[in-house]
Amino acid sequence: MESSSRGGGGRLSVHDIELKNVSRWYGEVIGLNDVTCTVGPGLTALLGMNGAGKSTLLRLITGQLRPTTGELLVGGMEPFANPAVYRLMGYCPEIDNFYEHYNGFQFVNFMARLQGFDGAHAKRRTAEVIEHVGMSERAHKKIAGYSKGMRQRIKLAQAMIHDPQIILLDEPLNGLDPVGRREFIDVLGDLADRGKTILVSSHILFEVEQMTRSILLLHRGRLLATGDLREIRGLIDKHPHKIRVETSDPRRLATYMLDRANVVSARFERSGTAVQFEVAEPDAFYTMLMNVIDDHQLLVQGYSSPDNNLESVFRYLVSN
Amino acid sequence: MDQKLPSTSSSASSGPIADLTYRNYDGPMELPTHRWWAIAKLCIRLATKKRGFWIASVISGYWYLILAAVFFFVDLQTQGSPLGVKNPIFANIVWKDQFLNAFSISQLLLFICALMLGAGAIANDNRAKALLVYLSKPCTKTDYLVGKWMSIFIPITGVVAVPTILFYGYCLMSYRTYGFWTDDPFLLPKLLGMILVPGFFHASVVLGISSLFDQGRMAGATYAGMYFIGLFFTKAMQVIHIVNSRHDRPVPFVDTLYYMSVDGLQIGFAKIILNTQGSTLFPIPQGPSQAARQPLIEIPSVGLILSLYFGISFLAMWLAWSRVRAVEVVG
Amino acid sequence: MAVASIHNLVVKYGNFTAVNGLSCEVPEGCTGLLGPNGAGKTTLLKTFLGFVRPTSGTASVVGCDIRTQDRQIRQRVGLMPEQDCHIPGLSAVQFVAYAGELAGMPSAQALRRAHEVLEYCHLGEARYRNVETFSTGMKQRIKLAQALIHGPKLLLLDEPTNGLDPAGREDMLELVRSVSHGKGINVIVSSHLLPDIERVCDQVIVVMNGTLRAQGKISDLKRIDGHPVDVDLREPSPQFVEACIKRELTVNPTKAGAYRVQGAGTPEAINLHVIRAARESGAQIRGLTVAERSLEEAFMTAIQTPAESR
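Residue numbers (my numbering), protein chains in the order written: chain G, 541 to 860; chain P, 26 to 356; chain S, 21 to 330.
If you want it as structure tokens, here you go:
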């Protein structure tokens, strides 16, 4: 299922990531199966169960692998073994392999030199980028002594060192404490606002939700959904929208709502203080609900839709 | 009529449908002093599943088989010979040296057993971070190390003990006429002492080396390297000794160097326990300078052998102790 | 009875003070242990298990003193470590049974119970497979199984949902919730994922710089005085705001299309006013909930206020 909007821009710029019928096998094991999509400026979340093909996709985009069939273009060029494309991209991988005897500053500086910056420029950029990720005080300690969160920040720093247009992150929030998470998300949001294309792969759905509404969902190697979360939710007909109303007299409320064809089911909670409706057309239902409560002056503690979030959408899509 | 229907259990929540969810454990518990045995038991069970271990351990006693066959047939032959003719083999035999020879010959295979049992003992645990499991239970570093040590010591000692004791029993029953018992009534306790020698040494050293690595293969390769370099060195010493003895220039220093290897230390220790310097089964052709022609190496100095043997063992044990840290169990 | 009592605990690593005069009582039930990295959380857990000797202060865990009875503590406590760990070369049931034997169970009992616990942790199908072939989710569950095998009175879970995909996280949280509620096992969960803690725990302890910063029931920490309501409209509507103000309600916009409304009277009465205001202004309310601080906000507030316990 596809919806047309992409996060952020919407214009096909030359910096996009474009996949056309891309498949990748490892022997007989399928990594990606016939995936067609584009990723544009803004923050896009790459989601999927373990083994769905997220790492394969990232490795294809970063040019570590070649697609077995199909066409993959990054900034209009093929990324495999193509240094021109590497200049456009920064990659923050999940694994943690550093030169442990370096300190943070030296490591990022080294990466900068590898990118081709000369000595003074590299030092300057390194200092800037380390400041940006909030590691200024601790950059001069050896990496061997870093906590997980500090390593994540250094990884992001080396990915950003050459100010790339495209940044790919694989589980970047792993090991960060809540304060660190917030800061990291803010840094990413800031980069996205500046028009960069950021692709984040993560399992932590409630955080992904705070970052963006644009998702790319893979399942068993295939592309299951891509686009705006709300639109996707609207299109999942198989699972009618759930709306839960907390009230001291749920059955009375239900009697007023049930004679509209919109309502698919009503479930009364055991505590007797709430009722959960499943409705086919939420829009009409909400208006109806407001009118009913107002007309009959019902005492309601509140209502909300428990499955209007990324986790529920994910679950519905994947369990089909 | 009230028929007694089967019910699920006699506990409080009985009825036709059993409650199969989690329930607590309030059953019997073992004493903490036995914890090492649980560890040793598992390691022994895992190691003895390997076919290679059984093959190596059976082959390690092959010399005893050969000896038993030789003695049997020689004995059979001399049954028919006229009295007064002395049997060349049994006339001058030194019984305890037969055990020493078999012991020396089995060294290589014992070493292979030790590698199989112990190379990965701590190394594999390092890789799998098994210590997190061990130490989060009421199990101390001592329990862990003692358990691992025993899991190598017990099988190796068993592998040495079985053929030795069997052969001893066979000789005791069959060759008392040739002086088996009268030559040395205290042979059995000395043998029991000798039997403990390889297990103790290998268990300590292999654990020490294993604790240095993350992969069983690396630890095994290191120990094998040490073993074979030492072996090569001592064989070289043996050749030099023979050359020297032929030229009437005995150099005692070379004799000592002969014992400077994994094998050598153990053989030296065995010689000390048995109080012998070894002998061959068949008499050596006499020549001009008989003493100088002896290709047998002198019994080594007790102080040197004992201090090296125990020194290296304890050093290795200390190494294992210090490398196995109560690692970052949390975070 | 408190699961753990700590009085003025001080733990130092050389010159660095990891835990600096911490005092608290860990209540029964399911407690979340929160704190930024380097706050002393991990040191606290290590001290509970007897791996680190405190410099001063006392503490008792499940009724045993940490200085003298650390073996008994580990007898009654089950730890699910954050890092992947297993005993090489064993199948699932052998591994869990071995863990039970290490805890002192006789081997027959350990094996029997290992089967039970594996079933409970939804590993029944894979119980004869070598642990090294397990996926991340299964490895996490077997760590939980080996923590439960000896029937502990207290479970320490360190980042239980580490590396799990959304379905796996769901399963694990369900499992933890069922273990902690209704089975009489006290649980302490240490995690950085606050919604997980919210889902599973009833109370939290917040630690920072080695001291206690906040402690209490999650519902108490989230409550906002004056019970305002969060109103989620289909699209932003200034007319709605006006209509509310006319009804003597204070309105503060929070996100695009969402407002926090405060007023006098019962929540139900306020809701009626809000719905009437929306109806009049042609706005559609899609969500009407009692405003709560998220646990994350409560946590941030706790660590930013100067050191003051409770």
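Even glycine gets a Cβ: it sits at the ideal position worked out from N, Cα and C.
In DSSP terms, what residue i is bridged to
| i | result |
| --- | --- |
| Q816/G | R784/G, R807/G |
| R280/S | D250/S, N272/S |
| V23/S | According to DSSP, which records beta bridges pairwise, V23/S is partnered with nothing at all. |
| A585/G | V740/G, I755/G |
Buried or exposed by the 16-neighbour rule on C-beta atoms within 10 Å, applied to residue i
| i | result |
| --- | --- |
| K75/P | exposed |
| P186/S | buried |
| N272/S | exposed |
| F825/G | buried |
| N160/P | Sequence inspection shows Leu at residue 160/P; the Asn mentioned does not correspond to that position. With 16 or more Cβ atoms within 10 Å of its Cβ, L160/P is classed as buried. |
| T766/G | buried |
| H59/P | exposed |
| A65/P | buried |
| V227/S | buried |
| L838/G | buried |
| V327/P | exposed |
| E136/S | buried |
Three-state class that DSSP yields for residue i in the structure shown
| i | result |
| --- | --- |
| D250/S | strand |
| V840/G | strand |
| C264/S | helix |
| D288/P | helix |
| G720/G | helix |
| C84/S | strand |
| H293/S | helix |
| I93/S | helix |
| F238/P | coil |
| S111/S | strand |
| Q235/S | strand |
| K682/G | strand |
| I706/G | strand |
| V39/S | strand |
| E821/G | coil |
| T609/G | strand |
| M251/P | helix |
| M26/P | For M26/P, the predicted model reports a pLDDT of 49, less than 50, meaning its position is unreliable and no value from the coordinates is stated. |
Contacts of residue i in chain S (Cβ-Cβ under 8 Å)
| i | result |
| --- | --- |
| S332/P | By Cβ distance, chain S contributes nothing, its closest Cβ being about 36 Å from S332/P, past 8 Å. |
| L728/G | The premise fails here: L728/G is roughly 17 Å from chain S at the closest Cβ pair, so nothing lies under 8 Å. |
| A244/P | By Cβ distance, chain S contributes nothing, its closest Cβ being about 13 Å from A244/P, past 8 Å. |
| L237/P | Per Cβ cutoff of 8 Å: no residues; L237/P is ~17 Å from chain S at best. |
Own chain residues within Cβ distance below 8 Å of residue i, not counting five before or after
| i | result |
| --- | --- |
| T301/P | V119, K121, D122, L125, I324 |
7 Å CB neighbourhood of residue i in its chain, flanking five on each side removed
| i | result |
| --- | --- |
| Q655/G | I701, H702 |
| G636/G | Position check: residue 636/G holds Asp in this sequence, whereas Gly was assumed. Same-chain partners within the cutoff: R691. |
| Q311/P | Interpretation of Q311/P is limited by its pLDDT of 49, a score under 50 that renders its predicted location unreliable; the figure taken from the coordinates is listed afterwards. Closer than 7 Å at Cβ, skipping near neighbours: no residue. |
| S236/P | I147, L344, A345, R348, V349 |
| I137/P | A81 |
| V158/P | none |
| M26/P | Note that M26/P scores 49 on pLDDT, short of 50, meaning its location in the model is unreliable and no value can be drawn from it. |
| C84/S | Q92, I93 |
| A119/S | Q166, I169 |
| S129/P | I292 |
| E218/S | I238, L315 |
Residue i Cβ short of 7 Å to the ligand NAD heavy atom set
| i | result |
| --- | --- |
| L45/P | The ligand NAD is not part of this structure, which contains no ligands at all. |
Within chain S, partners of residue i - CB distance below 7 Å
| i | result |
| --- | --- |
| Y50/P | R133, H170, G171 |
| M54/P | G124, M125 |
| L67/P | Y118 |
Neighbouring residues, chain G, relative to residue i (Cβ below 7 Å)
| i | result |
| --- | --- |
| S155/S | N590 |
| D185/S | M589, N590, H743 |
Proximal residues to residue i (C-beta, below 6 Å), its chain only, five neighbours per side dropped
| i | result |
| --- | --- |
| V740/G | A585, L709 |
| D208/P | W120 |
| A316/P | Here A316/P scores only 44 on pLDDT, less than 50, and its place in the model should not be relied on; the value that follows carries that caveat. Excluding sequence neighbours, A316/P sits near nothing in its chain. |
| V82/S | R96, K173, L174 |
Proximal chain P residues relative to residue i, where beta-carbon distance stays under 9 Å
| i | result |
| --- | --- |
| V199/S | Y47 |
Contact set between residue i and chain P, taken where Cβ atoms lie within less than 7 Å
| i | result |
| --- | --- |
| R91/S | P57, P163 |
Neighbour flag for residue i against chain A, beta carbons, 8 Å
| i | result |
| --- | --- |
| S845/G | Of the protein chains in the structure, G, P and S, none is chain A. |
Proximal chain P residues relative to residue i, where beta-carbon distance stays under 8 Å
| i | result |
| --- | --- |
| P108/S | G145, N149, D150, R152, A153, A155 |
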